[in-house]
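> Residue numbers (my numbering): 8 to 344. Glycine included, every Cβ here is placed at the ideal spot set by N, Cα and C.
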Amino acid sequence: AALLSTAACRGKGRGVRDAAPVPFAEAREPIPLRAPAVAVFHGDFDGDTRQRELLVIHPSEPWAEVLANNLGGSFRSEGRTVDLRALLPPGSTLVIRQADLFDVDGDGEQDLALLDDTTGRVLVLTGDGRGGFAFTHSLLPPWNAGETGRVVGFCRGSFNRDLDADFAVATPTQAHLYLRAAGRPDWERNRRAIDIGSGVEHLLGGDLLRQGVDVLVAVGSEGASLIRRNANGVFLRDDSHHIEITDAAAPSVADLNGDSFADFLFPRTERGQVAIWLTDVDREWVANDPGAVDVPFPTAVGVSDVTADGLPDLLVASSNIAGRPAVVVIPQRAEDG
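1) State the DSSP-derived secondary structure class of R236, mapped to helix, strand or coil.
2) How many Å lie between S67 and T143 at the Cα?
3) Use the C-beta contact count for A282: other C-beta atoms within 10 angstroms, 16 or more gives buried, fewer gives exposed.
4) Measure the beta-carbon distance from V334 to V63 and round it to whole angstroms, keeping in mind my assumption that it falls under 8 Å.
5) Going along the chain, which unbroken runs of the alpha helix (DSSP H) with 4 or more residues stay wholly within the region 31 to 63?
6) For the pair the region 251 to 261 and the region 180 to 196, tell me if three or more CB-CB distances fall below 8 Å.
7) Please state if the CB of L132 and the CB of F140 are separated by a distance shorter than 7 Å.
8) Would you kindly check if the distance between the Cβ of A177 and the Cβ of L7 is under 7 Å?
9) Just the C-alpha distance for V336 and L40, rounded to the nearest angstrom, thanks.
10) Run through the region 61 to 143 for me and flag every whole beta strand (DSSP E) of 3 or more residues, listed as ranges in chain order.
11) To which residues of the same chain is T125 closer than 8 Å at the C-beta, ignoring the five residues directly before and after it?
12) Pull up the distance between the alpha-carbon of P97 and that of L147, whole angstroms please.
13) Based on the DSSP secondary-structure assignment, which residues constitute the bridge partners of G164?
14) Kindly identify the DSSP beta-bridge partner or partners of H183.
15) Compute the beta-carbon to beta-carbon distance between F82 and L61, rounded to the nearest angstrom, for a pair I have assumed lies under 8 Å.
16) Could you tell me the distance, in whole angstroms, from the CA atom of L321 to the CA atom of R35?
17) If G164 sits next to A182, beta carbons under 8 Å apart, how far is it from one beta carbon to the other, in whole angstroms?
18) By DSSP's criteria, F271 is part of a beta bridge. Which residues make up the other side?
19) What are the partner residues of F304, as DSSP defines its beta bridges?
20) T306 and P43 look like a contact to me (Cβ under 8 Å); what is the Cβ gap, rounded to whole Å?
21) Below 8 Å on the Cβ atoms is my contact criterion, and I expect A106 with A46 to pass it. Report the Cβ-Cβ distance as a whole number of Å.
22) What separation, rounded to the nearest whole angstrom, lies between the Cα atoms of D316 and R57?
23) Tell me the rounded alpha-carbon separation between V29 and T276.
24) Would you tell me roughly how many angstroms separate the C-alpha atoms of H248 and L233, rounded to the nearest one?
25) Could you check what DSSP says for R191 in three-state terms: helix, strand or coil?
26) Measure from the alpha carbon of A257 to the alpha carbon of each residue in V224, D266, V288, D245, then state which is nearest.
27) Could you check which residue in P274, T180, R244 has the C-alpha nearest to that of V222?
28) I think P319 touches S325, with their Cβ atoms under 8 Å apart; what is that distance to the nearest whole Å?
29) P274 and V308 - do their beta-carbons sit closer together than 7 Å?
The structure is reproduced here in structure tokens:
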């Protein structure tokens, strides 16, 4: 408890009053991991729909580890791991820089999308609903890596206004859209590159402003910046939306306060905290009024109602809590405490 607390981090401007604040309780007991994690998810990963497990993605092993659900909502490791590299074609390399979990192919099962840091490819692994996955597709790097720099991140969305899942793949200066045509099993790259600034390390996307159109958020050495489509269909940077956080590891988005707007979570490994920014009713970005969440050496954060009380909770992966990698559940509490 002494290691994990809530720190004050007050925002400014009228938007703070309009965005419902998100207070958090003390963290639960850390759950030991085999290795540091690049992503953590909460869902049904063993086919038993009566309870939900944790799926932890380790970057350099590379494994997917399933943590079983104890009675009372805690989790434990039973040694259930999936060797993700073994699912790829023989001779493939895999160091996972980023992972996302969603239904890629529309069959109702959760699939894995992984960014391989060694090749810059986004790999799609379809899930069977029982914690198993199979390799089905690879998105090639957008251009020759020597021309545009390494691939640093990807995000999903619907960038051509249909219902199929598209991808945006980013280098430090540009994003490239991979669009999936209706009824097609694969993606085609849009030839028009999107300028997203410089020093970009991560890419977020989706209908983050709840306006019916998908936008991009580039995160890196210039902070977090909004890139949105204009009336001519061209993505341009919108400097009216900016967050001065330049040291985020594996940022994520989720609706934390139930207002249907996307909120932002930035693990700041060296500072030992997860900074939280909210989108208010005016679609402005404001710092979470109750504060950032303190966790030693956070590397990734997931959001899910782990405690089954109707409020989204945090799942924070750390590279070092009491000398070993771990993940902690930090419940959200009602405003009345």
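For this structure:
1) The residue you call residue 236 lines up with position 229 of the sequence shown. In the structure shown, R236 sits in a strand (DSSP, three-state: E or B).
2) Sequence index remark: in the sequence shown, residue 67 carries index 60 (1-based). Sequence index remark: in the sequence shown, residue 143 carries index 136 (1-based). Cα to Cα, S67 sits roughly 21 Å from T143.
3) Your numbering for residue 282 matches position 275 in the sequence shown. With 16 or more Cβ atoms within 10 Å of its Cβ, A282 is classed as buried.
4) Here the question's residue 334 lines up with position 327 in the sequence shown. Here the question's residue 63 lines up with position 56 in the sequence shown. Confirmed, Cβ separation roughly 6 Å.
5) Counting whole runs of 4 or more residues, the region 31 to 63 contains no alpha helix (DSSP H) stretch at all.
6) no
7) Along the sequence shown, read from residue 1 onward, the residue named residue 140 stands at position 133. Along the sequence shown, read from residue 1 onward, the residue named residue 132 stands at position 125. Yes.
8) No answer is possible for residue 7: it lies beyond the span of the chain, which begins at 8 and ends at 344.
9) Taking the first residue of the sequence shown as 1, we reach residue 336 at position 329. Taking the first residue of the sequence shown as 1, we reach residue 40 at position 33. So the alpha carbons of these two residues sit roughly 13 Å apart.
10) 70 to 76, 82 to 90, 103 to 109, 118 to 123, 129 to 134
11) Position 118 of the sequence shown, counted from the first residue, corresponds to residue 125. Contacts found: T100, L101, V102.
12) Residue numbering aside, residue 97 sits at position 90 when the sequence shown is read from its first letter. Residue numbering aside, residue 147 sits at position 140 when the sequence shown is read from its first letter. C-alpha separation (whole angstroms): 17 Å.
13) Locating residue 164 in the sequence shown gives position 157, where the first residue counts as 1. Note: G164 is bridge-paired with D173 in the DSSP secondary-structure output.
14) As a working note, residue 183 is residue 176 in the sequence shown. Partner(s): V176.
15) The count along the sequence shown starts at 1 and reaches residue 82 at position 75. The count along the sequence shown starts at 1 and reaches residue 61 at position 54. About 5 Å; that satisfies the 8 Å criterion.
16) The sequence position of residue 321 within the sequence shown is 314, counting from 1. The sequence position of residue 35 within the sequence shown is 28, counting from 1. Each residue's alpha carbon lies about 11 Å from the other.
17) As a position in the sequence shown, residue 164 is number 157, starting the count at 1. As a position in the sequence shown, residue 182 is number 175, starting the count at 1. In this structure G164 is not in contact with A182, their Cβ atoms being roughly 11 Å apart against a cut-off of 8 Å.
18) Position 264 of the sequence shown, counted from the first residue, corresponds to residue 271. Bridge partners of F271: V260, W284.
19) Taking the first residue of the sequence shown as 1, we reach residue 304 at position 297. Note: F304 sits in no beta bridge, so no partner.
20) Counting from one through the sequence shown, the residue named residue 306 turns up at place 299. Counting from one through the sequence shown, the residue named residue 43 turns up at place 36. That pair is a contact at about 6 Å.
21) Here residue 106 refers to the residue found at position 99 when the sequence shown is read from its first residue. Here residue 46 refers to the residue found at position 39 when the sequence shown is read from its first residue. Between A46 and A106 the Cβ distance is about 4 Å, and since that is below 8 Å, they are a contact.
22) On the sequence shown, residue 316 is found 309 positions in, with the first residue counted as 1. On the sequence shown, residue 57 is found 50 positions in, with the first residue counted as 1. About 16 Å.
23) Here the question's residue 29 lines up with position 22 in the sequence shown. Here the question's residue 276 lines up with position 269 in the sequence shown. Those two C-alpha atoms are separated by around 21 Å.
24) Here residue 248 is taken as the residue at index 241 of the sequence shown, counted from 1. Here residue 233 is taken as the residue at index 226 of the sequence shown, counted from 1. Computed Cα separation, rounded: 6 Å.
25) On the sequence shown, residue 191 is found 184 positions in, with the first residue counted as 1. Reduced to three states, the DSSP call for R191 is coil.
26) The residue you call residue 257 lines up with position 250 of the sequence shown. It is V224 whose Cα lies nearest to the Cα of A257.
27) As a working mapping, residue 222 is identified with position 215 in the sequence shown. Checking every option, the nearest Cα to that of V222 belongs to R244.
28) Looking up residue 319 in the sequence shown gives position 312. Looking up residue 325 in the sequence shown gives position 318. Not a contact, Cβ separation roughly 19 Å.
29) Taking the sequence shown and counting its residues from 1, the one referred to as residue 308 is at position 301. Taking the sequence shown and counting its residues from 1, the one referred to as residue 274 is at position 267. Going by C-beta atoms, V308 is nearer than 7 Å to P274.
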